[in-house]
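Residue numbers (our numbering): 399 to 706. C-beta: ideal position from N, C-alpha, C; glycine also. Written below as structure tokens is the structure these notes are about.
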């Protein structure tokens, strides 16, 4: 009989294309992945991988089984969801992964709301950018909170996933509360800020790219003198008067002291925030109640930014 855990691993290999990438995605060693796929071949009694000294690829039989594995795993989850739906109350463990600013912003409301369900065990983890969808697809987590600066992620994702739009998160200007432009009655003039010490996330990160696009509208700025991992680190430095920044508004949900937040005139730079889950999971009471709590938490967060 074919073992479900190994079928999931084969499906991931089909998506990733290599043993090393599969191991990295699932948190295994390449040796462990290779051994499990070899065990699956013995169960299937046909070669599933065509191995060479440097690579491995699916045989025709391997590709067919990988396709069936996706169907089988989907059917298993649907069956589990149908059984779970018979429960009178949400029960069991629900794992949610989120990008850092969403985790910080939504955690208080989620803890309060989901605390009303004693049979539910709720786990919220922070994750690296771009990994949430994969974690949901692989079954590592039940729900992922993701951000999308392109507006294309839902349309480019697998059909087995369902996206719930939570909010639009615009880019806002953040300056020390002693800065001249901290006054709400003073218009925001980016041209005057061009030569200020800007701080941003490392090159390549979406929020950094948004800042660079913003500065391009005023002819660019001098190179960012400091790069820091974590928007909350950047905000703490702004509060100390070290520089200024532009961040998605949700990053300010923790109520940072010592900074002033201003809306940027005519700025359309923003990210969309989604909750993502497998379609088959939506029927589980535990996932459904968690999705409702996430939606409510997203609407509850309010960021005050005076008009420019």
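- For residue 491, the CB contacts under 7 Å within the same chain, skipping 5 residues up- and downstream, are 519, 521 in chain order.
- By the CB criterion at 9 Å, residue 660 and residue 570 fall inside the cutoff.
- Within the same chain, and ignoring the five residues on either side of residue 549 in sequence, the residues whose Cβ sits closer than 8 Å to its Cβ are 670.
- No Cβ-Cβ contact shorter than 9 Å links residue 676 with residue 656.
- In the DSSP assignment, residue 656 falls outside any beta strand (DSSP E), carrying neither H nor E.
- Each of 450, 596, 536, 500 was checked against the Cα of residue 404, and the nearest Cα belongs to 536.
- For residue 414, the enclosing alpha helix (DSSP H) stretches over residues 402-414.
- DSSP places residue 531 within a helical segment (H, G or I) once states are collapsed to three.
- As a beta-bridge residue in DSSP terms, residue 674 pairs with 542, 561.
- Between residue 402 and residue 420, the C-beta gap is not smaller than 9 Å, which leaves the two residues out of contact.
- With respect to the 9 Å criterion, residue 499 and residue 523 are not classified as neighbours on the basis of their beta carbons.
- Shown here for residue 456: same chain residues with a beta carbon closer than 8 Å to its own, the five before and five after excluded, namely 411, 412, 446, 447, 448, 464 in chain order.
- Shown here for residue 547: same chain residues with a beta carbon closer than 7 Å to its own, the five before and five after excluded, namely 604, 608, 669 in chain order.
- For residue 685, the enclosing alpha helix (DSSP H) starts and ends at 683-698.
- Each residue's CA atom was taken as its position, placing residue 525 and residue 497 some 5 Å apart.
- Taking C-alpha positions only, residue 437 is separated from residue 416 by approximately 17 Å.
- Secondary structure note for residue 439: its alpha helix (DSSP H) is the uninterrupted segment 428-442.
- Per DSSP, reduced to three states, the secondary structure at residue 497 is coil, with no helix or strand assignment.
- In this structure, residue 647 sits away from residue 625, with a CB-CB distance that is not shorter than 9 Å.
- The C-alpha of residue 530 is placed about 10 Å away from the C-alpha of residue 545.
- In this chain, the beta strand (DSSP E) harbouring residue 646 covers 643-646.
- For the 9 Å CB-CB criterion, residue 598 and residue 622 form a contact.
- Per the DSSP secondary-structure output, residue 567 pairs in a beta bridge with 669.
- Distance from the CA atom of residue 658 to the CA atom of residue 698, rounded to whole angstroms, is 21 Å.
- With respect to residue 562, residue 674 sits close: the two C-beta atoms are nearer than 9 Å.
- Within its own chain, the residues whose Cβ lies closer than 7 Å to the Cβ of residue 428, once the five positions on either side in sequence are excluded, are 417, 418, 421, listed in chain order.
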